[in-house]
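Working notes, beginning with the structure itself.
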Ligand code: FAD
């Protein structure tokens, strides 16, 4: 980013954030969460972020706002009601037919106009396909800092402390946006816990007009083809996930994982090498560069438990690991470890469940 007129950022380290914040930062207030509405549905990551946003807003003594960008109609009204139900104190709304399908230009325009008018201190978005696209263009348009794929958010000395993995997941770094506002961060679905839903009545809605016409938008939506295969892989929000790793030895043996998943009504997933080998599609990968999951039960077969896998699964309530090596790292964080050959054990487990559940 070329930005020659702005002062240089302070030197790295905690010492840098102890200084007085610039006077004009006092205009910035409230914690904003983008309520992601796509094809009539609110993405649950928006509610997870409202839960986190609430904590940040309370620490800063500020209000929590939901940002709803959508076409006039029922879905947008529903998104507003849900934002309040999950804790928003107020909602900023841009309602326009041009926002019916996600396109970068009108959404960036709507969000940056809102930011420039109402000046949020913090802006959070889900690290979904849509959220990542929007966050990047909003941050570069506003010339502010964006920390992507955060695993922890906090307020330290009045600034957003956005923590994320670095160096291939072996270290965590905490990033501060000290000289620019708003402080932006994205968080992947399921990384943060879902807050409780309340039946709060709709509160204050602040409307803003979209100053853009269809002629100004280069992107046209000609149609929408839903990838049925991907749409089925709802790993992030599944209650039970069965996953296979390299220990299964071959693509054919992955059928054992799928059979168990089918028997117990689970989604199936895998470790990264299986995607790299072309044995499973990328949307089935669990871990740091795949999906983060928080199921009630996670069964990992033939997976060693490398740190990049662990960070994606450790939010599971119960982790069951099947591995031939009693020293495999996965046994350090599994709740239940079974030291055995998964290729023999999985069919027996599937049969036992099928008998019990039929
Ligand atoms: P291995 O590490 O080879 O483990 C196989 C395991 O199977 C071993 O523990 C072995 O004892 C066991 N085994 C062997 N035979 C049997 C048997 N018959 N029955 C039972 N157990 C058996 N990985 C991910 O999973 N997700 C990610 O998102 C991810 N992101 C990454 C990002 C980066 C930047 C990097 C550098 C790496 C990433 N990785 C990721 C890769 C990660 O570091 C590991 O290489 C990977 O998780 C290992 O996969 P695995 O456990 O299937 O294979």
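In the working numbering, the protein residues as written are 7 to 364. Ideal Cβ positions, reconstructed from N, Cα and C, are used throughout, including at glycine.
Annotation for residue 339: no beta strand (DSSP E) segment contains it, and DSSP assigns it neither H nor E. Separation of residue 355 and residue 266 (C-alpha to C-alpha, rounded to the nearest whole angstrom) is 7 Å. In this structure residue 79 does not touch residue 57 by the C-beta definition: roughly 27 Å separates them, more than the 8 Å allowed. Between the alpha carbons of residue 222 and residue 303 lies a gap of roughly 49 Å.
In this structure, residue 137 sits away from residue 230, with a CB-CB distance that is not shorter than 8 Å.
Short note on residue 338: C-beta not closer than 7 Å to any heavy atom of the ligand FAD. A straight-line Cα-Cα distance of about 13 Å links residue 54 and residue 299.
Secondary structure remark: continuous beta strand (DSSP E) runs of at least 3 residues inside the region 186-250, in chain order: 189-193, 210-214 and 246-250.
Judged by DSSP in its simplified three-state form, residue 360 adopts helix. Ranked by Cα distance from residue 316, the options 167, 276, 89 and 73 are led by 276. Taking the C-beta atoms as reference points, residue 154 is found no nearer than 8 Å to residue 195.
If the five residues before and after residue 34 are omitted, its C-beta is found closer than 6 Å to the C-beta atoms of 125, 127 and 187, all from its own chain and listed in chain order. Within the same chain, and ignoring the five residues on either side of residue 90 in sequence, the residues whose Cβ sits closer than 6 Å to its Cβ are 206, 208 and 209.
Residue 74 and residue 67 have their alpha carbons spaced roughly 23 Å apart. Cβ neighbours of residue 268 within its own chain (closer than 8 Å, five residues either side excluded): none. Taking the Cβ atoms as the reference, residue 301 lies roughly 14 Å from residue 263, outside the contact range of under 8 Å.
Relative to the ligand FAD, residue 356 has its C-beta separated by 7 Å or more from all heavy atoms. Taking C-beta separations shorter than 6 Å and ignoring five residues to either side along the sequence, the partners of residue 286 in its chain run 276 and 280, following chain order.
Between the ligand FAD and the CB of residue 252, the shortest heavy atom gap is smaller than 7 Å. The region 175-185 makes no contact with the region 113-121; the number of CB pairs closer than 8 Å stays below 3. Here DSSP, grouped into helix, strand and coil, assigns residue 270 to helix.
Rounded to whole angstroms, the separation of the alpha carbons of residue 60 and residue 96 is 12 Å.
DSSP assignment within the region 269-347 yields the following whole alpha helix (DSSP H) runs of 4 residues or more, N-terminal first: 278-282 and 313-319. Taking the Cα of residue 146 as reference, the smallest distance to any Cα among 190, 160 and 170 is reached at 190. Beta bridge pairing from DSSP links residue 128 with 37 and 189.
DSSP, read as helix, strand or coil, puts residue 139 in helix. Listed as beta-bridge partners of residue 171 by DSSP are 178.
Using a cutoff of 7 Å, the CB of residue 256 does not count as near the ligand FAD, since none of the ligand's heavy atoms is closer than that.
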